[in-house]
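2 protein chains.
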Amino acid sequence: MTLEIQNQRIVTPFSLSIHSETGIPDNHDTLIERYLSKLADIYLDSEAAEAMVREKGDILTYQVFEKDIPEVNGELRFCSSIVYPGKVGDEYFMTKGHFHSRRDTAEIYYCIRGEGFMLMETEEGAYALEAFTPGRTVYVPGYYAHRSINTGTEPLVMLPIYPGDAGHDYGTIEHTGFKHLVVESDGKPTVIENPKYTN
Amino acid sequence: MTLEIQNQRIVTPFSLSIHSETGIPDNHDTLIERYLSKLADIYLDSEAAEAMVREKGDILTYQVFEKDIPEVNGELRFCSSIVYPGKVGDEYFMTKGHFHSRRDTAEIYYCIRGEGFMLMETEEGAYALEAFTPGRTVYVPGYYAHRSINTGTEPLVMLPIYPGDAGHDYGTIEHTGFKHLVVESDGKPTVIENPKYTN
Numbered sequence: 544m545t546l547e548i549q550n551q552r553i554v555t556p557f558s559l560s561i562h563s564e565t566g567i568p569d570n571h572d573t574l575i576e577r578y579l580s581k582l583a584d585i586y587l588d589s590e591a592a593e594a595m596v597r598e599k600g601d602i603l604t605y606q607v608f609e610k611d612i613p614e615v616n617g618e619l620r621f622c623s624s625i626v627y628p629g630k631v632g633d634e635y636f637m638t639k640g641h642f643h644s645r646r647d648t649a650e651i652y653y654c655i656r657g658e659g660f661m662l663m664e665t666e667e668g669a670y671a672l673e674a675f676t677p678g679r680t681v682y683v684p685g686y687y688a689h690r691s692i693n694t695g696t697e698p699l700v701m702l703p704i705y706p707g708d709a710g711h712d713y714g715t716i717e718h719t720g721f722k723h724l725v726v727e728s729d730g731k732p733t734v735i736e737n738p739k740y741t742n
Numbered sequence: 544m545t546l547e548i549q550n551q552r553i554v555t556p557f558s559l560s561i562h563s564e565t566g567i568p569d570n571h572d573t574l575i576e577r578y579l580s581k582l583a584d585i586y587l588d589s590e591a592a593e594a595m596v597r598e599k600g601d602i603l604t605y606q607v608f609e610k611d612i613p614e615v616n617g618e619l620r621f622c623s624s625i626v627y628p629g630k631v632g633d634e635y636f637m638t639k640g641h642f643h644s645r646r647d648t649a650e651i652y653y654c655i656r657g658e659g660f661m662l663m664e665t666e667e668g669a670y671a672l673e674a675f676t677p678g679r680t681v682y683v684p685g686y687y688a689h690r691s692i693n694t695g696t697e698p699l700v701m702l703p704i705y706p707g708d709a710g711h712d713y714g715t716i717e718h719t720g721f722k723h724l725v726v727e728s729d730g731k732p733t734v735i736e737n738p739k740y741t742n
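Going down the list, the protein sequences come from chains A and B.
The opening position of the first sequence corresponds to residue 544 in the working numbering, with each subsequent residue numbered one higher.
The opening position of the second sequence corresponds to residue 544 in the working numbering, with each subsequent residue numbered one higher.
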């Protein structure tokens, strides 16, 4: 799929198919798998996460299937992202969330299956939440850290697309946490302030 | 959705929903509608196209619903693109096709409904064809003119996403035509050389 021509990698045309139920593509280069044992810290009740792993064994909370497209300006990178249903205490399974290293780059998420939310926050305190339902396309502007949250009972399957040179900055949000959390309250997804948030 | 801050347009988070059957989004800023009367020249048998319009009245062959996102580097523009089923003689309904003004920019098309092909050609003569089926994601590299073609009996609904500063160059391919055509032969989509192609 990629050719090496005079030290420049050229991507040739290709296509892949994303399964509408499982979200698994028929072709990928890299698979990122996030297990609860490694992610306990992103949840408000980290001890509950650790207890779940001890009692039930480790749990796969999300997967990202990626194609190896050059990380350069002008390119587009895309993946299939699957967040599995579940909760740690009242808090829904979710991704770690990230800023783009190049802050002014946007990202678009198309929801293929499931339901949930995209939580978006800037370093200056702006905040937004957009719902995921099948067919819903969420536009994440530059400067927003973003995290996808599965509030449903089936896998949340998304197609994220972002500029080749966006880059991922996981560290900043890992350090501060998000200012908001999405938890179940009276059986419904509810936004609360994150008591562990540090800025 | 966009704010004007010190002469800089900032896009705030938003989402929209694309109908899985019709492809029509619940929100758009611009609608491009392409009628056969204005597109007769892109078909091999232009006279047949003109005769169809005379006999049946004008025919809407495709629509593009766009959001007004700034055309700058770092942004992503996206739309819902719907090519309706039909033929001019043996040639399937299709888009005009275009290069990006900034040649080194890629584009990704996610197919929501229908079947067809993405025809891709570079100015240097490279050529590729990728199939559209629901869930299929086609990667169009930089430097490739691209045209989507509906070879099925239902609307071909696609979600195209491209860098904000890609730009559209319709003129180059309008002048030369594509080197290849997709026509029906023995009831099946078949690629032939375009006798009208000029380089």
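Even for Gly, the Cβ is constructed at its ideal location relative to N, Cα and C.
These numbers were taken from a predicted model, which means no experiment stands behind them.
- Message: Helix, strand or coil for Leu587/A? Go by DSSP, reduced to three states.
- Response: coil
- Message: Going by DSSP, what residue range makes up the beta strand (DSSP E) through Ile704/B?
- Response: Leu699 to Pro706
- Task: Run down chain B in chain order and give the residues with a C-beta less than 7 Å from the C-beta of Pro556/A.
- Result: Met663, Ala671, Glu673, Tyr682, Val683, Pro684 and Tyr687
- Message: Any beta carbon from chain A within less than 8 Å of His711/B's own beta carbon?
- Response: no
- Item | Where the beta strand (DSSP E) containing Glu618/A begins and where it ends | No beta strand (DSSP E) contains Glu618/A, which DSSP labels as neither H nor E.
- Query: In or out: Arg597/B buried (at least 16 other Cβ within 10 Å) or exposed?
  - Reply: exposed
- Query: Count the other CB atoms within 10 Å of the CB of Lys610/A; is the residue buried (16 or more) or exposed (fewer)?
  - Reply: buried
- Would DSSP call Thr719/A helix, strand or coil? helix
- Message: Would the stretch 651-660 of chain B count as touching the stretch 673-693 of chain B if we require 3 or more Cβ pairs under 8 Å?
- Response: yes
- Query: Is Pro568/B near Tyr627/B, with beta carbons less than 8 Å apart?
  - Reply: no
- Item | Nearest residue (CA-CA) to Phe557/B, options Gly617/B, Asn570/B and Thr565/B | Asn570/B
- Confirm, please, whether the CB-CB distance from Val554/A to Pro706/B is below 8 Å. no
- Item | Close beta carbons around Glu576/A, own chain, < 7 Å, minus the five adjacent residues each side | Leu603 and Gln606
- Query: Going along chain A in order, which residues have a C-beta closer than 8 Å to the C-beta of His723/B?
  - Reply: None at all; the shortest Cβ gap to chain A is about 13 Å.
- List the residues of chain A whose Cβ lies closer than 9 Å to the Cβ of Ser563/B, in chain order. Within chain A, Pro677 and Gly678 have C-beta atoms less than 9 Å from the C-beta of Ser563/B, given in sequence order.
- Would a check of beta-carbon distances place Thr696/B closer than 8 Å to chain A? no
- Item | Three-way DSSP call (helix, strand, coil) for Lys581/A in this model | helix
- Using a Cβ cut-off of 8 Å (strictly closer), state whether Ile692/A contacts chain B. no
- Item | Bridge partners - Lys739/A, DSSP secondary structure assignment | BP columns for Lys739/A are empty, so no partner.
- Determine the direct distance from the alpha carbon of Arg620/A to that of Ala709/A, and round the result to whole angstroms. 9 Å
- Message: Using a 10 Å radius around the Cβ and a threshold of 16 neighbouring Cβ atoms, would you call Pro738/B buried or exposed?
- Response: exposed
- Item | Outcome for Glu664/A when other beta-carbon atoms lying within 10 angstroms are tallied against a minimum of 16 | buried
- Item | Host beta strand (DSSP E) of Arg679/A (start-end) | Arg679 to Val683
- Using a Cβ-Cβ cut-off of less than 8 Å, list which residues of the stretch 612-627 of chain A approach chain B; keep chain order. Ile612, Asn616, Gly617, Glu618, Leu619 and Phe621
- Message: Using a Cβ-Cβ distance cut-off of 8 Å, determine whether Pro768/A contacts chain B.
- Response: With chain A covering 544 to 742 only, the question about residue 768/A has no answer from this structure.
- Compare the beta carbon distance of Gly617/B and Val700/B with 8 Å and say whether it is the shorter of the two. no
- Message: In the DSSP output, what is Asp712/A paired with across the bridge?
- Response: Phe642/A
- Task: Answer yes or no: does any C-beta atom of chain A fall closer than 8 Å to that of Ile716/B?
- Result: no
- DSSP state of Ala674/B mapped onto helix, strand, coil: strand
- Item | Members of the stretch 571-587 of chain A that neighbour chain B once the beta carbon cut-off is set at 8 Å | none
- Task: Please work out which residues of its chain come closer than 6 Å, Cβ to Cβ, to Ser580/A, disregarding the five sequence neighbours upstream and downstream, and give them in chain order.
- Result: Val596 and Asp601
- Note down, in chain order, all residues in the stretch 630-649 of chain A with a beta-carbon under 8 Å from any beta-carbon belonging to chain B. Arg645, Asp647, Thr648 and Ala649
- Which same chain residues, not among the five before or five after Phe642/B, have their C-beta less than 7 Å away from its C-beta? Hits under 7 Å: Ala688, Asp712, Thr715 and Ile716.
- In chain A, what lies closer than 7 Å to Tyr653/B by C-beta? The contacting residues are Tyr653 and Leu702.
- Any beta-carbon of chain D closer than 8 Å to the one on Val726/A? Chain labels in this structure do not include chain D; the protein chains are A and B.
- Given Arg645/B as reference, the closest of Tyr686/B, Pro613/B, Asp729/B and Tyr740/B once Cα atoms are compared: Tyr686/B
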